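Student:
Numbering (UniProt numbering), first residue to last: 1 to 684.
#1: Is residue 186 near the ligand MN - that is, is its Cβ less than 7 angstroms away from at least one heavy atom of it?
#2: On the DSSP bridge list, what partners appear for residue 68?
#3: So the candidates are 326, 170, 299; which of them puts its Cα closest to the Cα of residue 198?
#4: Tell me, please, which residues DSSP counts as bridged to residue 502.
#5: Going by Cα to Cα distance, which pick from 570, 70, 641 is closest to residue 586?
#6: Step through the CB atoms of chain D and report whether any lies within less than 8 angstroms of the CB of residue 350.
#7: Quick one: residues in its chain with C-beta nearer than 8 angstroms to the C-beta of residue 678, no 5 flanking neighbours on either side, listed in chain order?
#8: Using alpha carbons as the reference points, say which of 73, 28, 436 lies closest to residue 43.
#9: When burial is assigned at 16 or more other CB atoms within 10 Å of the CB, is residue 464 buried or exposed?
#10: Helix or strand or just coil, what does DSSP make of residue 447?
#11: Can you give me the C-alpha to C-alpha distance between residue 38 and residue 15, rounded to a whole angstrom?
#12: Near residue 253, what residues of its chain come up, given a Cβ to Cβ distance below 8 angstroms and the 5 sequence neighbours on each side ignored?
#13: State the Cα-Cα distance for the pair residue 414 and residue 656, rounded to the nearest angstrom.
#14: Are residue 355 and residue 269 touching if we call contact CB-CB under 8 angstroms?
#15: Which partner residues does residue 473 have in the DSSP bridge list?
#16: Where does residue 213 sit, in a helix, a strand or coil, going by DSSP?
#17: If you draw a straight line from the C-alpha of residue 208 to the C-alpha of residue 334, how long is it?
#18: How many angstroms separate the CA atom of residue 493 from the CA atom of residue 398?
#19: Could you work out which residue in 226, 323, 300 is closest to residue 219 when comparing CA atoms only?
#20: CA-CA distance, residue 68 and residue 501?
#21: With distances taken Cα to Cα, identify the nearest neighbour of residue 406 among 370, 437, 278, 194.
#22: Measure the C-alpha to C-alpha separation of residue 628 and residue 541 and round it to an integer number of angstroms.
#23: So what does DSSP say about residue 588, is it helix, strand or coil?
#24: Report back the beta-carbon spacing between residue 6 and residue 58 to the nearest angstrom; my notes put them in contact at under 8 angstroms.
#25: Who does residue 559 pair with in a DSSP beta bridge?
#26: Would you mind sorting residue 41 into buried or exposed? The rule is 16 or more other CB atoms within 10 Å of its CB.
#27: Taking residue 102 as the reference, which of 45, 396, 145, 134 has the closest Cα?
#28: Starting from residue 244, trace the beta strand (DSSP E) in both directions and tell me its first and last residue.
#29: Residue 683 by DSSP, collapsed to three states: which one?
#30: Leaving out the 5 sequence neighbours to the left and right, which residues in its chain are closer than 8 angstroms to residue 239 when beta-carbon positions are compared?
#31: From the DSSP output, in three-state form, read off residue 764 for me.
#32: Could you name each continuous beta strand (DSSP E) segment of 3 residues or more that falls completely within the stretch 241-289, going from the start of the chain to the end?
#33: Which residue marks the beginning of the beta strand (DSSP E) containing residue 360, and which one marks its end?
#34: So, under 8 angstroms CB-CB, residue 600 and residue 481 are touching, yes? Tell me the CB distance rounded to an integer number of Å.
#35: In the stretch 169-216, which residue ranges form an unbroken beta strand (DSSP E) of at least 3 residues, counting only runs that do not cross its ends?
#36: For residue 471, which residues in the same chain have their Cβ closer than 7 angstroms to its Cβ, ignoring the five residues on either side in sequence?
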């Protein structure tokens, strides 16, 4: 496989990247180089090229080299464009035509054409679309950050409106044309992209970046680094609130300084350490970085924080682990107050080094904190909330210990080898599509968690069994969102479902003919929208005792999700009945409560798919393990309860017709299908 990556912004080189040298020389370059390094280990990958812009000027001679070897398989190729010098990303749209022609000519001269092009950032996607038009090479897209999100986050601080309009238009092109869109987090896939007209959730996959965290896990203090910071501080032994980010408006460092400046209690408990890039004179800083640094210095002066804030001008890349260690040994906290953080690599690094987190609730940190349990999420526009979260961690030793322990899970959860394996499987699937079953004779629908997955040996047996089932369409029905479900299925190397019933039956997606992407079932969306007044239902439930809303990512257009016990579920039903609002309430595992449109459930969704496939009720198998599977199991004639069931499923009066397997997880599913296939037709 031959992969070409397009990455035109910033100062990109193979070694010793000068992060922060310009406003565009940031985390996307680290992501790309780490991805290429991981991908090069795969024996099925023959060649990797990073295509970037060639320019000369004050930033150094490295960026004028036409080609740079990274490894035996990987290299950087630089293409000249209309403008000879360095350009910020806001001006790159003017180079699209010349870069496209240069890339097309280069590909034509290669002995083997690329199998796929991977575009990073918006203008690269426009170039990739032009190459596809001329040469037919498909492309995938990674945004890294999005123009609409930036505009919303920065408001009046947003850059020139015309350049932002170019960027948003390019992103619309990317979403409309890319064969696959790679997102770093569910927030990006389900919230950020949803603001675009070309949003198509079925073509988006959440693949969190990996991270080489070994050097951060082994982070040790460095006397030189300690001395650099201590010279700013009157009491250098106090806990340190550490922030590490480029001084750009989106990183929102000013809110952290304001949070600290407005809180005498926080000032008394901790010092503030700002590692805001590397700089010489302020006037030499690129783009808006000089303005941001002046704002930070003005806030330090306004709140008279001298002796309590460290803000060194420079640091070396190799100093970063020691910076984390500085905060760790002092019992400090890592703070990321960004208005939006597409992923949050520094959060993983800090966690691996033993620091608890206070992080923005906008973007990738949602996924990181949910996965690792390593910190608190805050509204980045609320300085008082930032301060309270920092104080809470400083003042509650048990909480701090729990978050530090959670951070130790980061290395296992965010691994580049696993990322590369999923990434390559998707790229190969694009080149060798396995279309969905055209005329199925039977249909199997499984719950995911604790039914299909949960036992590696069982899933391995299921993969083999599934490959031998001619005429059997396979699907899943889950409480997870589409992107969350796809992530767990691909991580576990599950067989690819022909149909995805997600968000407790409120959404349905069908596999496209290319065998990779999915299309939402518009007819089902129309059905579940009837008699559904989401805002009114939410208002009616707002006063129910002990009913707590789950996180924003668990709320869907046709699903409201809460935490609550059986008593809360009864009160919720009563509140909706009193308000005259039809809805379906699904309670499971003793604590999860989902409120759906009256027409929505896993059971009704399965029946919709059955009719669509032209199958009888005796041609459908359904399998589950918990309370949110009851509607599906109740409605299915051939219902399978796996042996590791919960919520007293096997004794449920409405499920007496079900087969309770002796085997757990996926083996129980296989056992159940075999049981029903042995029965006479139409047996109850």
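Built from N, CA and C at the ideal position, the CB exists for glycine as well.
In this text, all values refer to a predicted model and were calculated from it rather than measured experimentally.
Tutor: In terms of the structure at hand:
#1: Questions concerning the ligand MN fall outside what the structure shown contains, since it holds no ligand whatsoever.
#2: Taking the first residue of the chain shown as position 1, residue 68 is located at position 68. Answer by DSSP bridge pairing, in chain order: 76.
#3: In the chain shown, counting from the first residue as 1, residue 198 sits at position 198. If we check each option's Cα against that of residue 198, 170 comes out closest.
#4: Translated into positions along the chain shown, residue 502 becomes position 502. 507.
#5: By one-based count along the chain shown, residue 586 stands at place 586. Out of 570, 70, 641, 570 has the C-alpha closest to the C-alpha of residue 586.
#6: Here chain D cannot be found, since the structure has a single protein chain.
#7: In the chain shown, counting from the first residue as 1, residue 678 sits at position 678. Result list for residue 678: empty, nothing under 8 angstroms.
#8: Along the chain shown, one-based indexing puts residue 43 at 43. With distances taken between Cα atoms, residue 43 lies closest to 73.
#9: Taking the chain shown and counting its residues from 1, the one referred to as residue 464 is at position 464. Answer is exposed; the Cβ neighbour count stays below 16.
#10: Here the question's residue 447 lines up with position 447 in the chain shown. In this structure, residue 447 counts as coil in the three-state DSSP scheme.
#11: Residue mapping note: residue 38 aligns to position 38 of the chain shown, counting from 1. Residue mapping note: residue 15 aligns to position 15 of the chain shown, counting from 1. Answer to the nearest angstrom: the Cα atoms are 16 angstroms apart.
#12: The sequence position of residue 253 within the chain shown is 253, counting from 1. Answer for residue 253: 243, 245, 247, 274, 276, 292, 296, 337, listed in chain order.
#13: The residue given as residue 414 occupies position 414 in the chain shown. The residue given as residue 656 occupies position 656 in the chain shown. Rounded to the nearest angstrom, the two C-alpha atoms are 43 angstroms apart.
#14: The residue given as residue 355 occupies position 355 in the chain shown. The residue given as residue 269 occupies position 269 in the chain shown. No.
#15: Taking the chain shown and counting its residues from 1, one reaches residue 473 at position 473. Beta-bridge pairing links residue 473 to 443.
#16: To locate residue 213, count along the chain shown from 1; it is residue 213. In this structure, residue 213 counts as coil in the three-state DSSP scheme.
#17: Counting from 1 along the chain shown, the entry for residue 208 is found at position 208. Counting from 1 along the chain shown, the entry for residue 334 is found at position 334. Near 21 angstroms, if we compare the C-alpha coordinates of residue 334 and residue 208.
#18: The count along the chain shown starts at 1 and reaches residue 493 at position 493. The count along the chain shown starts at 1 and reaches residue 398 at position 398. The alpha-carbon atoms of residue 493 and residue 398 are separated by roughly 37 angstroms.
#19: Looking up residue 219 in the chain shown gives position 219. The shortest C-alpha separation from residue 219 is found at 323.
#20: The residue given as residue 68 occupies position 68 in the chain shown. The residue given as residue 501 occupies position 501 in the chain shown. Roughly 47 angstroms between the two C-alpha positions.
#21: Taking the first residue of the chain shown as 1, we reach residue 406 at position 406. Comparing Cα positions, the closest option is 370.
#22: Sequence index remark: in the chain shown, residue 628 carries index 628 (1-based). Sequence index remark: in the chain shown, residue 541 carries index 541 (1-based). Distance between the alpha carbons of residue 628 and residue 541: 20 angstroms.
#23: Position 588 of the chain shown, counting from 1, holds the residue named residue 588. Residue 588 falls in the strand class under three-state DSSP.
#24: Against the chain shown, residue 6 aligns to sequence position 6. Against the chain shown, residue 58 aligns to sequence position 58. Not confirmed; about 25 angstroms, so no contact.
#25: In the chain shown, the residue the question calls residue 559 occupies position 559. According to DSSP, which records beta bridges pairwise, residue 559 is partnered with 556.
#26: Here residue 41 refers to the residue found at position 41 of the chain shown. Residue 41 should be labelled exposed.
#27: Sequence index remark: in the chain shown, residue 102 carries index 102 (1-based). Among 45, 396, 145, 134, the Cα nearest to that of residue 102 is on 134.
#28: Against the chain shown, residue 244 aligns to sequence position 244. Looking at the DSSP string, the run of the beta strand (DSSP E) that includes residue 244 is 240-244.
#29: Counted from its first residue, the chain shown places residue 683 at position 683. Because the pLDDT of residue 683 is 42, which lies under 50, any placement of that residue in the model is unreliable, and the question is left without a value.
#30: The sequence position of residue 239 within the chain shown is 239, counting from 1. So the list reads 269, 270, 271, 327, 330, 331, 332, 333, 394, once near-sequence residues are dropped.
#31: Absent from the structure is residue 764, since the part of the chain shown begins at 1 and ends at 684.
#32: 271-275
#33: Position 360 of the chain shown, counted from the first residue, corresponds to residue 360. Per DSSP, residue 360 belongs to the beta strand (DSSP E) from 357-360.
#34: Here residue 600 corresponds to residue number 600 of the chain shown, with the count starting at 1. Here residue 481 corresponds to residue number 481 of the chain shown, with the count starting at 1. Not a contact, Cβ separation roughly 14 angstroms.
#35: 180-183, 204-206
#36: Taking the chain shown and counting its residues from 1, one reaches residue 471 at position 471. Correct list, in chain order: 440, 441, 442.
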